[in-house]
Structure formats: structure tokens, C-alpha cells
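With the numbering used here, the residue at position 258 of the sequence shown is 267, and numbering never jumps. Glycine included, every Cβ here is placed at the ideal spot set by N, Cα and C.
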Amino acid sequence: MSSRRAVIITTSVLVVAIGAMVAYGAWRVLSAAPNEVSLDAAVASLEEQGASQPTTIEVASDPLRVDGAGVTTVNSSNDGIWYVDSNFGSFTFDESSGSFVGFRVEEELAQIGSMTAVGRTGEIQGELLIEDGQLVEVLVSADLSAIVTNDSRRDRAARHALNVSENPMASFVLAGPVALPETEDSTVSIEVLGRLTINGIARDVPLVLDAQMVGNTIVVVGSMEVIFADYDVTVPSAIIVVSAQDHGIIEFQLLFTRG
Numbered sequence: 010m011s012s013r014r015a016v017i018i019t020t021s022v023l024v025v026a027i028g029a030m031v032a033y034g035a036w037r038v039l040s041a042a043p044n045e046v047s048l049d050a051a052v053a054s055l056e057e058q059g060a061s062q063p064t065t066i067e068v069a070s071d072p073l074r075v076d077g078a079g080v081t082t083v084n085s086s087n088d089g090i091w092y093v094d095s096n097f098g099s100f101t102f103d104e105s106s107g108s109f110v111g112f113r114v115e116e117e118l119a120q121i122g123s124m125t126a127v128g129r130t131g132e133i134q135g136e137l138l139i140e141d142g143q144l145v146e147v148l149v150s151a152d153l154s155a156i157v158t159n160d161s162r163r164d165r166a167a168r169h170a171l172n173v174s175e176n177p178m179a180s181f182v183l184a185g186p187v188a189l190p191e192t193e194d195s196t197v198s199i200e201v202l203g204r205l206t207i208n209g210i211a212r213d214v215p216l217v218l219d220a221q222m223v224g225n226t227i228v229v230v231g232s233m234e235v236i237f238a239d240y241d242v243t244v245p246s247a248i249i250v251v252s253a254q255d256h257g258i259i260e261f262q263l264l265f266t267r268g
């Protein structure tokens with residue numbers, strides 16, 4: 010085989026290999042973005058996993074009866090401390106049926122166009138306290154050093170932007186008691202005020218919580234917009250990223266069980 014022919018073959022092989030790598034990278038980017046959080050989806054997932062089995066839970070002397078669909082059918086007290094259940098469900102980037110906190114950011118990629126970058130962590134701790142029909146306390150913390158995306162390179166960029174080496178934990182603390190609506194509906198939506206801490210910087214923020222009782226589990230989902238500069242978070246940059254918004258969405262899905 011002549012040296013010229015060998016060079017041509019080698020070059021062709023490299024071009025094919027690089028093309029395959031680029032195609033795989035593009036596939037990884039384009040296969041991103043799991044769906045936004047949804048109370049209906051979270052409830053459906055919980056029911057599919059068996060949380061919808063008929064049950065009666067004794068709360069003081071007032072039983073909480075749950076029908077075959079797993080939805081509360083009679084009024085009763087939900088007073089007490091409820092903890093984030095980290096054992097129920099599963100957590101992956103593509104499909105999270107358990108508790109998680111994450112972000113969504115819109116970005117423009119070279120030769121691809123607009124995409125939604127998503128990162129999530131399932132390392133969650135938290136509790137809420139209900140007393141006399143009021144949501145009295147909420148404290149939730151998330152380990153951002155465990156953030157995962159659809160690509161390990163994006164994982165590193167997101168963690169670096171969030172400065173997890175110095176401030177790995179983010180948290181939300183309820184500012185004060187909030188009355189829970191008296192309703193026969195199984196779904197509750199309330200707006201609360203709280204203290205959100207990211208990268209060691211705390212800000213007072215409003216937050217809408219959507220919740221539903223499924224069996225003996227309170228499902229809570231929500232989202233809110235944040236401006237990265239407010240928390241000294243720098244938008245990650247890369248050759249493929251033409252631009253990225255200076256704000257994004259924090260979203261969460263939390264499953265609470267009574268302590």
C-alpha cells in the first residue's frame with residue numbers, strides 16, 4: 010500500500026470518527042430536557058408505584074380515609090411533621106419519580122438552535138409542619154454538588170457555575186405561617202413567601218406550591234424564576250453555546266410522609 014493511499018484511508022477514518030462523535034454529541038444535546046414538573050404527572054407516577062392502595066391512617070382520633078385512587082375523600086387533620094421521603098420512587102435525569110430539585114435554562118447552540126438545559130439533584134432533605142389548618146414551617150435543602158444533566162461535561166459546568174466547591178447546599182425556608190384553604194378539592198395551590206439560599210446568598214422570594222394528598226404522601230411541586238446574578242452565579246460558557254439567558258427556572262417535586 011502506498012503512503013499516499015494510507016494517508017487518504019487514515020484521513021477518511023478520522024473524518025468518519027469525528028463525524029460520529031459530533032453526531033453523538035448533537036444527539037446527547039438534542040435528547041435533553043425532561044418535561045417540566047407537573048402535579049398531575051407526579052401524582053400519576055406515585056399512584057402507578059403503589060401509593061394508591063386503599064388505606065386508613067389514624068391521626069389522633071380522626072381517621073384519614075383514602076379511596077382506591079389514592080385521593081383524600083373525607084376531611085381530617087393533617088397536623089404534624091412531614092418529612093421528604095428520599096426512599097420512595099427513583100431519581101434519574103430522564104425520569105424522576107421521587108423527590109428532586111432542579112433548574113431549567115434556555116440557551117442557543119451553534120448550528121443547533123434554541124435548547125433547554127436542565128439539571129437536577131435527588132439529594133434532598135426537608136420537612137414541613139402543619140398545625141391547626143396552617144402551614145407553619147417549611148425547610149428544604151438540596152445538595153447541588155450532586156446535580157446531573159444529560160452530559161457529564163454539562164454536569165461539571167453547572168456545578169462550577171453554582172460554586173458547589175464552596176457552597177454545595179441550597180435551601181428554602183418558609184417566612185411565616187400560611188393558612189391552608191378549606192376545600193373539598195384534592196388539589197391545593199397556595200402562594201408563600203420564603204428565604205431562598207443559593208451559593209451562600211439568601212433572598213426573600215414568593216413561591217407558588219401545588220400539592221395533593223396521595224395515599225399517605227403529600228406531593229408538592231412548584232417552580233419559580235431566578236436571576237443568576239442575584240446569587241452570584243455565572244452562566245456557564247462553551248464553544249457550542251452561542252448564548253444563554255441570565256435567568257432560569259428553579260423547579261421541584263417533593264414527596265412528604267408523616268414523621
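Keeping to the same chain, check which residues put their C-beta closer than 6 Å to that of residue i; ignore five residues upstream and five downstream.
i      : result
Ala155 : Thr130 and Glu132
Val182 : Leu148, Gly203 and Arg204
Gly268 : Ile90 and Tyr92
Ile139 : Asn87 and Asp88
Val145 : Leu138 and Pro186
Val217 : Glu200 and Gly231
Based on DSSP bridge pairs, tell me the residues matched to residue i.
i      : result
Gly203 : Leu183 and Val214
Asp103 : Answer by DSSP bridge pairing: none, since Asp103 is not bridged.
Gln262 : Phe109 and Val230
Arg162 : BP columns for Arg162 are empty, so no partner.
Ala126 : Val114
His256 : Ile236
Asp219 : Ser198 and Val230
Ala151 : Ile133 and Ala179
Gly7   : This structure cannot speak to residue 7, because the chain is shown only from 10 to 268.
Glu57  : Answer is none; Glu57 lacks a bridge partner.
Arg168 : Answer by DSSP bridge pairing: none, since Arg168 is not bridged.
Leu189 : DSSP lists no partner for Leu189.
Leu144 : Ile139 and Val187
Given residue i, which residues of its chain have a CB within under 7 Å of its CB, disregarding the five upstream and five downstream residues?
i      : result
Gln134 : Val93 and Ser150
What residues in its chain sit with their C-beta under 8 Å from that of residue i, if we drop five residues either side in the sequence?
i      : result
Ser99  : Ser105, Ser106 and Gly107
Val46  : Val230, Gly231, Ser232, Glu260, Phe261 and Gln262
Gly257 : Phe112, Arg113, Val114, Glu115, Glu234, Val235 and Phe237
So, residue i versus residue j, is the Cβ gap smaller than 7 Å?
i      : j      : result
Val173 : Val52  : no
Ile190 : Gln143 : Reading off the sequence shown, one finds Pro at residue 190, where the question assumed Ile. Contact: no.
Phe237 : Asp213 : no
Ala179 : Leu153 : yes
Ser195 : Asp219 : no
Ile207 : Glu136 : no
Thr201 : Leu48  : A small correction: the amino acid at residue 201 is Val; Thr does not occupy that position in the sequence shown. Contact: no.
Leu264 : Phe97  : yes
Please classify residue i: is it buried, with 16 or more other beta-carbons within 10 angstroms of its beta-carbon, or exposed?
i      : result
Ala184 : exposed
Ala211 : exposed
Thr243 : exposed
Asn225 : buried
Glu234 : exposed
Thr101 : exposed
Gly209 : exposed
Arg168 : buried
Gly111 : buried
Asn44  : exposed
Met30  : Any reading at Met30 must be qualified, since the residue scores a pLDDT of 38, below 50, and its modelled position is unreliable; the value itself is stated next. Classification of Met30: exposed, given that the 10 Å Cβ count is below 16.
Ala166 : buried
Glu260 : buried
Val228 : buried
Ser54  : buried
Pro63  : Note that Pro63 scores 37 on pLDDT, short of 50, meaning its location in the model is unreliable and no value can be drawn from it.
Ala188 : exposed
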